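Residue numbers (the numbering used here), protein chains in the order written: chain A, 1 to 405; chain B, 1001 to 1405.
We put the beta carbon where it would ideally sit given N, CA and C, even for glycine.
Please read all numbers here as calculations on a predicted model, not as lab measurements.
Here's the structure we're looking at; comments come further down.
Number of protein chains: 2
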Amino acid sequence: MEVQWEKKFAQRMQKMKSSTIRELLKVTEQPEMISFAGGLPAPEVFPIEHVDIATHKVLTEHGEQALQYGATEGYRPLRELLAQRLSHGKLQLTVDNVLIVSGSQQALDLLGKIIIDPGDRIVVEAPTYMGALQAWNAYEAAYITVAADEQGMQTDYLEEALLQNPKYVYVLPNFQNPTGVTLTEERRRVMVQQARRYGVPIVEDDPYGELRFEGEHLPSLLSLEGELQQGSYQGNGIYLGTFSKTMAPGMRLGWVIAPSQVIGKLVQAKQGVDLHTATFTQMIAYELLKDGFLDEHVHLIRRVYQERRDAMLAAMEEYFPEEVKWTHPEGGMFLWVTLPEGSDATELLKQALERNVVFVPGESFYPNGGGQNTMRLNYSHDESERIREGIGRLARVLRTSFVAR
Amino acid sequence: MEVQWEKKFAQRMQKMKSSTIRELLKVTEQPEMISFAGGLPAPEVFPIEHVDIATHKVLTEHGEQALQYGATEGYRPLRELLAQRLSHGKLQLTVDNVLIVSGSQQALDLLGKIIIDPGDRIVVEAPTYMGALQAWNAYEAAYITVAADEQGMQTDYLEEALLQNPKYVYVLPNFQNPTGVTLTEERRRVMVQQARRYGVPIVEDDPYGELRFEGEHLPSLLSLEGELQQGSYQGNGIYLGTFSKTMAPGMRLGWVIAPSQVIGKLVQAKQGVDLHTATFTQMIAYELLKDGFLDEHVHLIRRVYQERRDAMLAAMEEYFPEEVKWTHPEGGMFLWVTLPEGSDATELLKQALERNVVFVPGESFYPNGGGQNTMRLNYSHDESERIREGIGRLARVLRTSFVAR
Chain A
1 MEVQWEKKFA QRMQKMKSST IRELLKVTEQ PEMISFAGGL PAPEVFPIEH VDIATHKVLT
61 EHGEQALQYG ATEGYRPLRE LLAQRLSHGK LQLTVDNVLI VSGSQQALDL LGKIIIDPGD
121 RIVVEAPTYM GALQAWNAYE AAYITVAADE QGMQTDYLEE ALLQNPKYVY VLPNFQNPTG
181 VTLTEERRRV MVQQARRYGV PIVEDDPYGE LRFEGEHLPS LLSLEGELQQ GSYQGNGIYL
241 GTFSKTMAPG MRLGWVIAPS QVIGKLVQAK QGVDLHTATF TQMIAYELLK DGFLDEHVHL
301 IRRVYQERRD AMLAAMEEYF PEEVKWTHPE GGMFLWVTLP EGSDATELLK QALERNVVFV
361 PGESFYPNGG GQNTMRLNYS HDESERIREG IGRLARVLRT SFVAR
Chain B
1001 MEVQWEKKFA QRMQKMKSST IRELLKVTEQ PEMISFAGGL PAPEVFPIEH VDIATHKVLT
1061 EHGEQALQYG ATEGYRPLRE LLAQRLSHGK LQLTVDNVLI VSGSQQALDL LGKIIIDPGD
1121 RIVVEAPTYM GALQAWNAYE AAYITVAADE QGMQTDYLEE ALLQNPKYVY VLPNFQNPTG
1181 VTLTEERRRV MVQQARRYGV PIVEDDPYGE LRFEGEHLPS LLSLEGELQQ GSYQGNGIYL
1241 GTFSKTMAPG MRLGWVIAPS QVIGKLVQAK QGVDLHTATF TQMIAYELLK DGFLDEHVHL
1301 IRRVYQERRD AMLAAMEEYF PEEVKWTHPE GGMFLWVTLP EGSDATELLK QALERNVVFV
1361 PGESFYPNGG GQNTMRLNYS HDESERIREG IGRLARVLRT SFVAR
């Protein structure tokens, strides 16, 4: 029997293909495989014991509340604490600027739901975060790409993009996924000013901002927005944060900072989507955040990731052919490799799989094509020893392939 | 400055108005107010201690996995256990028939995402669950309503609805929200056969099925579907379940049972929506389900809800004017009151608020209008004493209003 939903599915789902990363991750479950493909935090640094203690406290002191339905906006003390923590200088946030979401991926979906009509244009960096494309493809978004270099999005080309009437600009300013590159302060200021001039909102996705292990913290686009106004926040910046990298991704907790009228619209959309984010996990996160534990804990994560990044960079320096270039991230979880023009990273992946090492071909991160000679490597998940071994295997693939050409 | 997303919002959000229930719930936070408006489980029966013990076990034994990213499909042992528990007779389910979602509300949203194009028709009972309407209004669904009586949807009128080319039939067969009515077995069989004849899927939403405190358990539409086929499940039924009523709504955990190809599509949609449901809470639920605890615990919930239903029915019998009629639910959390023709429950609500008692006017549950003389009352949340007091207050409102006419 032909089930009627097939039809629509066939049309709509062409743009919602199961992502390359997901398919690759299936392969990586074999223990002999060294994977640079995923985006997994190091499980050794998860605060397991502290989550256990916080859970016990929440259940003992507020068990009925923790297990009951809650407000769509989120657990109010957590929202208040986030508003207070993110207020800075002239950027003054209140509880009405904060929505708790089920991981910041949900914020991407909700933004699509309230903003994107089929064919609407979104300005993105090229390359950009694949999960954002996946969320917005479901709403049939179109993308205007602005190339990025070692300093992030090339803002010289931004005005041209803004003239094409986009719905918003999407940017990952810190240790970007997939490149590991950080947007310079100068370019941040240019971006904020130009976006204001053209009345185009900026959606700033910042999952890795707290994972800086080198160099100086740069102001968020949101805080630069905040400098340009008086009173409570009514700018055109939206900021997405998450507990996935500082606490645990398995809790699925993130947040959105936005003008209160935008939060109101996201709340209406979220009601129909999942009523609210789990009260239970929100209250646990609040416990871990309020007493300063997470602020201490992030030092450990930074130390571990820095060591692993160093191991990866050192091994690449030692093993990789000299035609290959790569980024030097100052934080986060990823770096980006550029092979000589004409190389095909997807082709290389097949050879890499035979040597039990895996990565994500860069073209997956380009919504409008390009990046065939690039790849994303994750360094947060495996220990340094294993990273070194994996880079050695990958180097052998590269050398074989370059000789073959 | 005019922010560009306002425009689309104004168009789209007319159909995503903040629900009446939500607005009412804000009022009910005052302690003197007796609320029959919400849909909250009794917090006294939440298994707080068992959740604490299960959490400690999960974190101690599988902490790294519980806090890490997981598969979009859900935690595999939980999916396997659900497949096994719901397999019955000829209905043979495997892990590929199961998707874990962030509360069954998310299943409603995902179904809309993969199935509904603007203007698509959905067959629903009149009245029906407001949250489903809220989820599907965002996809600009249209509704074909089939009236319900004390035996559930009037299947005599179903064929006429099926002839209008709907995408699916949505039904809550057990102790329906809002009416508390249960679809008879005879009508279930008619529904399954007619839906098959016209090739229209049935979406069966069953949050309350385990909360039967009177009468005999009836087979699910899914299991009746299953009887009509051989081998692994490939029918046109979709079943939505939840842990919100048997464990705790604050965990936000539900599941979808469907043919594997439909699950595959829902998984692709869910990837972009929130990556996956929290590993942490899924593993806790698995602990509570696998050792039989929840099967024991539900006896307590049934006992408490039965007592409260009895208290409400007795008070209504004693206090309500005789022109007023109501349903006698055999389980679940709600009952439905019908006032004489020409009564306006929304008008009555204003008077009820003055007497510190609150309910949901029935018209909110009719997508195409109607039900002005009806109201939904919840009996699961408050203790019997308070229910009795609230019904007394409501009776005074009714008597005053009826005299005034």
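- Query: Can residue 72 (chain A) and residue 1252 (chain B) be called in contact, C-beta distance under 8 Å?
  - Reply: Working through the first sequence from its first residue, we reach residue 72 (chain A) at position 72. Working through the second sequence from its first residue, we reach residue 1252 (chain B) at position 252. The answer is no: Cβ separation not under 8 Å.
- Would you identify the three-state DSSP class for residue 297 (chain A), choosing helix, strand or coil? Reading the first sequence from its first residue, position 297 is the one you call residue 297 (chain A). If DSSP states are grouped into helix, strand and coil, residue 297 (chain A) belongs with the helices.
- Counting contacts by CB-CB distance shorter than 8 Å, is residue 36 (chain A) in contact with chain B? On the first sequence, residue 36 (chain A) is found 36 positions in, with the first residue counted as 1. No - not a single Cβ of chain B is within 8 Å of the one on residue 36 (chain A).
- Query: Using the beta-carbon count (16 or more within 10 Å), is residue 1308 (chain B) buried or exposed?
  - Reply: For this step, residue 1308 (chain B) is matched to residue 308 along the second sequence. Counting Cβ neighbours within 10 Å, residue 1308 (chain B) comes out buried, since at least 16 surround it.
- Report yes if the CB atom of residue 333 (chain A) is closer than 8 Å to the CB atom of residue 305 (chain A), and no otherwise. Taking the first residue of the first sequence as 1, we reach residue 333 (chain A) at position 333. Taking the first residue of the first sequence as 1, we reach residue 305 (chain A) at position 305. Yes, the pair counts as a contact, with Cβ atoms nearer than the cut-off.
- Query: In whole angstroms, what separates the C-alpha of residue 1200 (chain B) from that of residue 1191 (chain B)?
  - Reply: Translated into the one-based positions of the second sequence, residue 1200 (chain B) becomes position 200. Translated into the one-based positions of the second sequence, residue 1191 (chain B) becomes position 191. Each residue's alpha carbon lies about 10 Å from the other.
- Message: Between which two residues does the beta strand (DSSP E) holding residue 1334 (chain B) run?
- Response: Taking the first residue of the second sequence as position 1, residue 1334 (chain B) is located at position 334. Element bounds for residue 1334 (chain B): 1334-1338.
- Query: Closest to residue 370 (chain A) by CA distance: which of A:386, A:188 and A:341 is it?
  - Reply: Position 370 of the first sequence, counted from the start, is the residue given in the question as residue 370 (chain A). Comparing Cα-Cα distances from residue 370 (chain A) to each of A:386, A:188 and A:341, the minimum goes to A:341.
- Query: For chain A, is any of its Cβ atoms less than 8 Å away from the one on residue 1395 (chain B)?
  - Reply: Residue numbering aside, residue 1395 (chain B) sits at position 395 when the second sequence is read from its first letter. Closer than 8 Å: no.
- Message: Using a Cβ-Cβ distance cut-off of 8 Å, determine whether residue 351 (chain A) contacts chain B.
- Response: Indexing the first sequence from 1 puts residue 351 (chain A) at position 351. False, the Cβ-Cβ gap to chain B never drops below 8 Å.
- Item | Cβ separation of residue 1259 (chain B) and residue 1229 (chain B), assumed to be a contact under 8 Å, to the nearest whole Å | The count along the second sequence starts at 1 and reaches residue 1259 (chain B) at position 259. The count along the second sequence starts at 1 and reaches residue 1229 (chain B) at position 229. In fact, because the Cβ distance is near 10 Å, the residues do not count as touching under 8 Å.
- Exposure label - residue 1245 (chain B); buried when at least 16 CB within 10 Å: Residue numbering aside, residue 1245 (chain B) sits at position 245 when the second sequence is read from its first letter. Residue 1245 (chain B) comes out buried.
- Message: So if I threshold CB-CB distances at 7 Å, which residues from the stretch 65-84 of chain A count as touching chain B?
- Response: 66, 67, 68, 69 and 70
- Query: Should residue 149 (chain A) be labelled buried (16 or more other beta-carbon atoms within 10 Å of its own) or exposed?
  - Reply: Numbered from its first residue, the first sequence carries residue 149 (chain A) at position 149. The residue in question, residue 149 (chain A), is exposed, as its Cβ has fewer than 16 Cβ neighbours within 10 Å.
- Message: Taking the alpha carbon of residue 1041 (chain B) as the reference point, which residue from A:79, A:388, A:64 and A:254 has its own alpha carbon closest?
- Response: Indexing the second sequence from 1 puts residue 1041 (chain B) at position 41. Here the closest residue by C-alpha is A:64.
- Item | Cutoff 8 Å: residue 194 (chain A) Cβ touching any chain B Cβ | Translated into the one-based positions of the first sequence, residue 194 (chain A) becomes position 194. For residue 194 (chain A), the answer is no, since every Cβ of chain B falls outside 8 Å of its Cβ.
- Task: May I have the straight-line CA-CA distance separating residue 1120 (chain B) from residue 1136 (chain B), to the nearest angstrom?
- Result: Position 120 of the second sequence holds residue 1120 (chain B). Position 136 of the second sequence holds residue 1136 (chain B). So the two alpha carbons sit approximately 10 Å from each other.
- Mapping DSSP to helix, strand and coil, what is residue 288 (chain A)? The residue you call residue 288 (chain A) lines up with position 288 of the first sequence. Here residue 288 (chain A) sits in helix by DSSP.
- Query: Exposed or buried, residue 1158 (chain B), counting other C-beta atoms within 10 Å across all chains shown (16 or more means buried)?
  - Reply: Taking the first residue of the second sequence as position 1, residue 1158 (chain B) is located at position 158. When all chains shown are included, residue 1158 (chain B) counts as buried.
- Query: How would you call residue 60 (chain A), buried or exposed, if buried means at least 16 neighbouring beta carbons within 10 angstroms?
  - Reply: Here residue 60 (chain A) refers to the residue found at position 60 of the first sequence. So residue 60 (chain A) counts as exposed.
- Query: Where does residue 1205 (chain B) fall in DSSP's three states?
  - Reply: Locating residue 1205 (chain B) in the second sequence gives position 205, where the first residue counts as 1. It is a strand residue.
- Pull up the CB-CB distance for residue 1356 (chain B) and residue 1393 (chain B), whole angstroms please, since I reckon it's below 8 Å. Within the second sequence, numbered from 1, the residue matching residue 1356 (chain B) stands at position 356. Within the second sequence, numbered from 1, the residue matching residue 1393 (chain B) stands at position 393. Their Cβ separation, rounded to whole angstroms, is 7 Å, which keeps residue 1356 (chain B) and residue 1393 (chain B) in contact under 8 Å.
- Message: Quick check: is any heavy atom of the ligand SAM less than 7 Å from the C-beta of residue 236 (chain A)?
- Response: Only the bare structure without any ligand can be found here, which leaves the ligand SAM out of the picture.
- Please name the residues in the stretch 1376-1391 of chain B whose beta-carbon is closer than 8 Å to at least one beta-carbon of chain A, in chain order. none
- Task: Starting from the Cα of residue 224 (chain A), find the closest Cα among A:160, A:288, A:185 and A:206 and give me that residue.
- Result: Within the first sequence, numbered from 1, the residue matching residue 224 (chain A) stands at position 224. Answer by Cα proximity: A:185.
- Message: Measuring alpha carbon to alpha carbon, tell me which residue in B:1380, B:1373, B:1390 and B:1362 is nearest residue 1130 (chain B).
- Response: For the purposes of this step, residue 1130 (chain B) is taken as the residue at position 130 of the second sequence. Of the listed residues, the one whose Cα sits closest to residue 1130 (chain B) is B:1362.
- Message: To the nearest angstrom, how far is the alpha carbon of residue 1014 (chain B) from that of residue 265 (chain A)?
- Response: The residue given as residue 1014 (chain B) occupies position 14 in the second sequence. The residue given as residue 265 (chain A) occupies position 265 in the first sequence. Confidence at residue 1014 (chain B) is low in this model, with a pLDDT of 40, below 50, so the placement of that residue should be treated as unreliable; the coordinate-derived value is given next. Looking at the two C-alpha atoms, the distance is approximately 11 Å.
- Selected residue, minimal CA-CA separation from residue 313 (chain A), among A:75, A:325 and A:303: Taking the first residue of the first sequence as position 1, residue 313 (chain A) is located at position 313. Residue A:325 is the option with its Cα nearest to residue 313 (chain A).
- Task: Could you tell me which residues DSSP pairs with residue 142 (chain A) in its beta bridges?
- Result: As a first step, residue 142 (chain A) must be located in the first sequence, where it is residue number 142. DSSP output for residue 142 (chain A) lists A:121 as bridge partner(s).
- Item | Per-residue burial, residue 1037 (chain B) [other beta carbons within 10 Å of its own, 16 or more giving buried] | Reading the second sequence from its first residue, position 37 is the one you call residue 1037 (chain B). By the 10 Å Cβ count, residue 1037 (chain B) comes out buried.
- Considering residue 1048 (chain B), what are the terminal residues of the alpha helix (DSSP H) in which it resides? Looking up residue 1048 (chain B) in the second sequence gives position 48. Looking at the DSSP string, the run of the alpha helix (DSSP H) that includes residue 1048 (chain B) is 1048-1067.
- Item | DSSP state of residue 1181 (chain B) mapped onto helix, strand, coil | As a working note, residue 1181 (chain B) is residue 181 in the second sequence. Note: residue 1181 (chain B) maps to coil in three-state DSSP.
- Query: What whole-angstrom Cβ distance do residue 330 (chain A) and residue 215 (chain A) have, given they're in contact under 8 Å?
  - Reply: As a first step, residue 330 (chain A) must be located in the first sequence, where it is residue number 330. As a first step, residue 215 (chain A) must be located in the first sequence, where it is residue number 215. Residue 330 (chain A) to residue 215 (chain A), Cβ: 4 Å. Contact.
- Message: I want to see whether chain A comes within less than 8 Å of residue 1169 (chain B), judged by CB atoms only; does it?
- Response: Taking the second sequence and counting its residues from 1, the one referred to as residue 1169 (chain B) is at position 169. So no, residue 1169 (chain B) is outside the interface.
- Item | Nearest to residue 1051 (chain B) (by Cα), restricted to the options B:1294, B:1170 and B:1141 | Taking the second sequence and counting its residues from 1, the one referred to as residue 1051 (chain B) is at position 51. Comparing Cα positions, the closest option is B:1294.
- Message: Tell me the residue span of the beta strand (DSSP E) that contains residue 240 (chain A).
- Response: By one-based count along the first sequence, residue 240 (chain A) stands at place 240. Note, residue 240 (chain A): beta strand (DSSP E), 237-242.
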